[in-house]
Structures are given as structure tokens and as C-alpha cells.
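Going left to right, the sequence shown walks through residues 120 to 325 as my numbering numbers them. A quick write-up on the structure given underneath.
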Amino acid sequence: MGYFITFEGGEGTGKTTIINYISKYLNDKGYSVVTTREPGGIDIAEQIRNIILDVKNTKMDYRTEALLYAASRTQHLAEKVIPALKENKIVLCDRYLDSSLVYQGIARGLGVDNVLKVNMFATEYMPNITFFIDVKPEICFKRLKDNHREMDRLDLEKMDFHNKVYEGYREIAKMYPNRIVSIDGDRRIEDIIEDIKMRIDKLLGE
Ligand code: TYD
120 MGYFITFEGG
130 EGTGKTTIIN
140 YISKYLNDKG
150 YSVVTTREPG
160 GIDIAEQIRN
170 IILDVKNTKM
180 DYRTEALLYA
190 ASRTQHLAEK
200 VIPALKENKI
210 VLCDRYLDSS
220 LVYQGIARGL
230 GVDNVLKVNM
240 FATEYMPNIT
250 FFIDVKPEIC
260 FKRLKDNHRE
270 MDRLDLEKMD
280 FHNKVYEGYR
290 EIAKMYPNRI
300 VSIDGDRRIE
310 DIIEDIKMRI
320 DKLLGE
């Protein structure tokens, strides 16, 4: 089996940039790497995701949202993640189950235990390691504004929601101290990458 590595954090924490650097690092070392994000270009998962993020769907019940994320996760796992792990690849995934625990369980208030239950049915694989990129919401928002990135429905939620997400990640990181590593993301990218490389090398036994 390969290694399943996930990256978590609020919007604008730099996950995508970090994943690109780490992917190149591991590729250069000769590992076979798959980078993905939910829904990961899987057609069925993509269709589910479109329903979740559609700005017209203001009537969506929070439980519906949690179930749809879980459904999309299952499909992405089945079609992309599990086959890659079976081929001994390293899978780097931008967001996974912890996003649901934090966004739906804590920020939406559905309860971590409830969302975990749904996801235990949806999800066969827990990551070998998860990096929580810890950046305060005020800093993330400033970054997003500076980049003029287009905002989706969840991005537009009030600042209060993003603060809940941030606190939620810190809570979940404490719940899984052996799996989740908090990385101070308010530093130079080089320093952040060094930190993560070191932890991954250790995981790979190097
Ligand atoms: P995405 O477009 O991947 O945004 P980002 O670039 O910030 O990662 O994700 C869209 C939104 O979906 C984001 O606000 C987080 C949210 N989300 C959940 O609420 N629950 C989940 O299980 C996942 C995977 C994402």
C-alpha cells in the first residue's frame, strides 16, 4: 500500500501551493505521486459537488450538505485514491474527512460525532498523516482579496463562520494528535515546506 497524505485548513491558507511543492519534491526523489482534491475530477463526485456549491441552493439543509460531501468523498476514494494506493503511490489530497468534521460538524453545528458516523460509512481509509496549515482567518482573507480570487457560496459566509472553522481545526487537531500535524502557515513558504518535508521523510522512513 502507498501513503495517503491530506492537507487541511481554511480558505487562503496556501494548501494548493504547498501541495505543488511537496509533489515536486517527492517526484524528484523518485516516488510516484498523485495529487488530488475532492472531488478530484471524478465525474460523479464533480456532479455532487456542483449541487453543494451552487449559489442558488440556499435552501440546502446542513445534513444534506454533510451527506453530499460524504457521498462525493466515497466516489473519489473508490475511483481515484484507493486504486493509486494499491499501486503503491503517494496520494496528496487537498481536503478530506477533517474538512467535513470541521465545516459541517463544528462550524455548521451538526456535531463532530454525527459527521464522523456518516463518514465512517463513506470512508474506508484514514490518512497516514494530515497537515493542518494553521493561518488565522484575517490573514487568509487579506491574501484572498489580494489575489482577487472568485468566491463561491461557502467563501461568502460571514467572517464568524471562518473563525469557527479556524477554531474547529484546532479542536480536531487535538482530537487526533497522532495523525494531524499543525503547521504554522504564516511564515515564508520555504520554511513551511521544509517543515512538511521533514515530517514526510520521517513517515517514509528516510
Ligand atoms: P474548495 O473549492 O476546495 O475550496 P478551497 O480552495 O478553500 O479548498 O472547497 C470548497 C468549500 O467546501 C470550502 O469552503 C470547504 C468546503 N468543504 C466542506 O464544507 N466540507 C467538506 O467536507 C469539504 C471537502 C469541503
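Each residue gets a CB set at the ideal place from its N, CA and C atoms; glycine is no exception.
**Report entry** Reference residue 156, options 164, 175 and 187, closest by Cα
**Finding:** In the sequence shown, residue 156 corresponds to position 37, counting from 1. Checking every option, the nearest Cα to that of residue 156 belongs to 164.
Report task. Please determine if the segment 199-211 and the segment 173-182 are in contact, where contact requires at least 3 C-beta pairs separated by less than 8 Å. Result -> The segment 199-211 vs the segment 173-182: no contact.
Requested in this report: Just list the alpha helix (DSSP H) runs in the segment 247-289, keeping only unbroken ones of 4 residues or longer that don't cross its boundaries, in chain order.
Outcome: With a minimum length of 4 residues, the continuous alpha helix (DSSP H) runs that stay inside the segment 247-289 are 256-265.
**Report entry** Counted within 10 angstroms of its Cβ, other Cβ atoms place residue 267 as buried (16 or more) or exposed
**Finding:** To locate residue 267, count along the sequence shown from 1; it is residue 148. Under the 10 Å beta carbon count, residue 267 is surrounded by fewer than 16 other beta carbons and is classified as exposed.
Report task. Give a yes or no on whether the C-beta atoms belonging to residue 226 and residue 284 are separated by under 8 Å. Result -> Stepping through the sequence shown from its first residue, residue 226 is reached at position 107. Stepping through the sequence shown from its first residue, residue 284 is reached at position 165. Taking C-beta atoms as the reference points, residue 226 and residue 284 count as a pair closer than 8 Å.
Query raised in the report: Around the Cβ of residue 217, are there at least 16 other Cβ atoms within 10 angstroms (buried) or fewer (exposed)?
Result: Locating residue 217 in the sequence shown gives position 98, where the first residue counts as 1. By the beta-carbon neighbour count (other beta carbons within 10 angstroms, threshold 16), residue 217 is buried.
Query raised in the report: For residue 122, does the three-state DSSP call read helix, strand or coil?
Result: In the sequence shown, residue 122 corresponds to position 3, counting from 1. Judged by DSSP in its simplified three-state form, residue 122 adopts strand.
**Report entry** Rounded C-alpha distance that separates residue 328 from residue 222
**Finding:** The chain is shown only over 120 to 325; residue 328 falls outside these bounds and no answer can be derived.
**Report entry** beta-carbon residue 199 near the ligand TYD non-hydrogen atom, thresh 7 Å
**Finding:** What you label residue 199 is simply residue 80 of the sequence shown in a count that begins at 1. Not one heavy atom of the ligand TYD falls within 7 Å of the beta-carbon of residue 199.
Query - Check: residue 354 C-beta below 7 Å from any heavy atom of the ligand TYD - result: The structure shown does not extend to residue 354, since the chain is modelled only from 120 through 325, so no value can be given for it.
Query - Coarse secondary structure for residue 157, derived from DSSP in three states - result: Within the sequence shown, residue 157 is the residue found at index 38, counting from 1. If DSSP states are grouped into helix, strand and coil, residue 157 belongs with coil.
Query raised in the report: Per DSSP, residue 217 is paired with what?
Result: Walking along the sequence shown from the start, residue 217 turns up at place 98. Answer by DSSP bridge pairing: none, since residue 217 is not bridged.
Requested in this report: Using three-state DSSP, classify residue 211 as helix, strand or coil.
Outcome: For the purposes of this step, residue 211 is taken as the residue at position 92 of the sequence shown. Secondary structure at residue 211: strand, using DSSP grouped into helix, strand and coil.
Report task. Indicate whether residue 302 and residue 315 have their beta-carbon atoms separated by less than 8 Å. Result -> Walking along the sequence shown from the start, residue 302 turns up at place 183. Walking along the sequence shown from the start, residue 315 turns up at place 196. Contact: yes.
**Report entry** the ligand TYD heavy atom lying under 7 Å from the CB of residue 213
**Finding:** Here the question's residue 213 lines up with position 94 in the sequence shown. Yes, the ligand TYD has a heavy atom inside 7 Å of this Cβ.
Query raised in the report: Any heavy atom of the ligand TYD within a distance shorter than 7 Å of the CB on residue 194?
Result: What you label residue 194 is simply residue 75 of the sequence shown in a count that begins at 1. Answer for residue 194: no, Cβ out of range of the ligand TYD.
Query raised in the report: Leaving out the 5 sequence neighbours to the left and right, which residues in its chain are closer than 8 Å to residue 136 when beta-carbon positions are compared?
Result: For this step, residue 136 is matched to residue 17 along the sequence shown. 308.
**Report entry** Beta carbon of residue 305 nearer than 8 Å to that of residue 254
**Finding:** Here residue 305 refers to the residue found at position 186 when the sequence shown is read from its first residue. Here residue 254 refers to the residue found at position 135 when the sequence shown is read from its first residue. For residue 305 and residue 254, yes; Cβs fall inside 8 Å.
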